[in-house]
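Only one structure is covered here, and it is reproduced in the block below.
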Amino acid sequence: MLQSDKLLEVQNLRVTYRFEDKKIRAVDDVSFSIREGDRFAIVGESGSGKSTLGLSIVRLCPGEASGSVRLNGIDILKLSQEELRKLRGSDISVVFQDPSSALNPVLRIGDQLIEVFTTHGYDKTEAYTRSAKLLETVGIPEPEKRLMSYPHQLSGGMKQRVIIAMAIALNPKLVIADEPTSALDVTIQAQILKLIKELSETKKLSMILITHDIGVAAEVCNEIGIMYAGRMLEIGTFEDVFHNPKHPYTQSLMTCVPKGLKCVLKPLPGNVPDMSNLPSGCKFHPRCPYANDKCKTIEPKLEKADGRYVACHAVW
Ligand SMILES: Nc1ncnc2c1ncn2[C@@H]1O[C@H](COP(=O)(O)OP(=O)(O)OP(=O)(O)O)[C@@H](O)[C@H]1O
Ligand code: SF4
Ligand SMILES: [Mg+2]
């Protein structure tokens, strides 16, 4: 899986939060890779470590990280702060869930967008022209008028389009989108997902899309990784994993439950594990109908099985 033609190669990534006397390993020994143009979904229940993983790739996570995160061969975990600043925006950018908190409420949209360009060396006139063009690209009508607007004058969907515009302004190679549409209503969500997919295709953008909504992943992604208790339990093409899941956890998740027009993860019996006190062996064993003695003591490794990667002692 980890070949040199990959755009992003994450290897043995571990991320640990420490507070009081507790230690939480929110990402544990995660390895996966992304090719140019891939749209990779990271799916899992709340608390499984999806955001920690996404943010650690751009070093925006406060936890301690080890392992490696190579973008075109360069290990992001080893970059200096200055190198990191250059990388963010120009090579990798992030879109967060809540469009309101990602924009500065006291600055006009234009000022915020233009700044993305000027801080990366464009003069003001060029930055203005590019900003207007970009708003057009993300489907905002009357872009020059919109550049004069303040965030509160835009709808949630419009704001998210502006955030996406900022994220793609400098033609990054990879966009990490963490629940980019969960704060939006269903109709607007569908429009934003369509935009994300189109931009990824026309601009050959690779993408990591973090979501708990299989329907969202299905709309946009060609690859998927299933996370549980900080581990990747199954990685493969969306087609394979969705239509023929191998890991017992994935199998139960993929029976997705409609909620309104959305398709959310099926609530599983048992509880999401306490990340500061994980079970021994396979972390899914307390909820797995197939668990045996080996599962309770030995943690399965992610291994190739039937065209994808699965971490389970029994391959189904
Ligand atoms: N700053 C932090 N300090 C300590 N623990 C944290 C911190 N951020 C996250 N965690 C813990 O790390 C684990 C993974 O959290 P994370 O936010 O990455 O999960 P998630 O899959 O993104 O969940 P959600 O779907 O709810 O967004 C959880 O147990 C969480 O409580
Ligand atoms: S390793 Fe065992 S407990 Fe874990 S998912 Fe596979 S069968 Fe279930
Ligand atoms: Mg999250």
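Here the sequence shown is numbered in the working numbering, starting from 202 and rising by one per residue.
We treat Cβ as the ideally placed atom computed from N, Cα and C, and that holds for glycine.
Only a predicted model underlies this, so the values are computations on that prediction, with no experimental measurement involved.
Check	Outcome
Start and end residues, beta strand (DSSP E) containing A378	L375 to D379
Host beta strand (DSSP E) of S332 (start-end)	No beta strand (DSSP E) contains S332, which is instead part of the alpha helix (DSSP H) from K325 to T338.
Pocket of ligand 3 (residues with CB nearer than 7 Å to any heavy atom), chain order	K251, S252, D379, E380 and I411
Buried or exposed by the 16-neighbour rule on C-beta atoms within 10 Å, applied to R347	buried
Among G482, E504 and Y510, nearest to T498 - alpha-carbon criterion	G482
Residue of M408, L469, A506 and H514 minimising C-alpha distance to V295	M408
Three-state secondary structure (DSSP) of T403	helix
Segment contact, 8 Å Cβ cut-off, at least three pairs: the segment 303-323 with the segment 264-280	no
At least three beta-carbon pairs within less than 8 Å, the segment 215-224 to the segment 238-245	no
Own chain residues within Cβ distance below 6 Å of V317, not counting five before or after	M367 and A370
Under the three-state DSSP convention, the category K484 falls into	coil
Residue-level contact to chain C via CB, G245, 8 Å cutoff	In the displayed structure, chain C is absent; only one protein chain is listed.
Q204 - DSSP class collapsed to helix/strand/coil	Note that Q204 has pLDDT 46, beneath the 50 cutoff, so the model's placement of it is unreliable and no number is given.
Start-to-end residues for the alpha helix (DSSP H) that takes in S302	P300 to A303
Closer than 7 Å: P470 CB and nearest ligand 2 heavy atom	no
Nonlocal neighbours in the same chain, by C-beta distance under 6 Å from V511, ignoring five residues either side	E435, K447 and H448
Cα-Cα separation, D206 to H486	36 Å
Neighbour-count burial assignment, R286, 16 or more Cβ in a 10 Å radius	exposed
Ranges of the beta strand (DSSP E) found wholly within the segment 404-439, counting only runs of at least 3	407-412, 424-429 and 432-438
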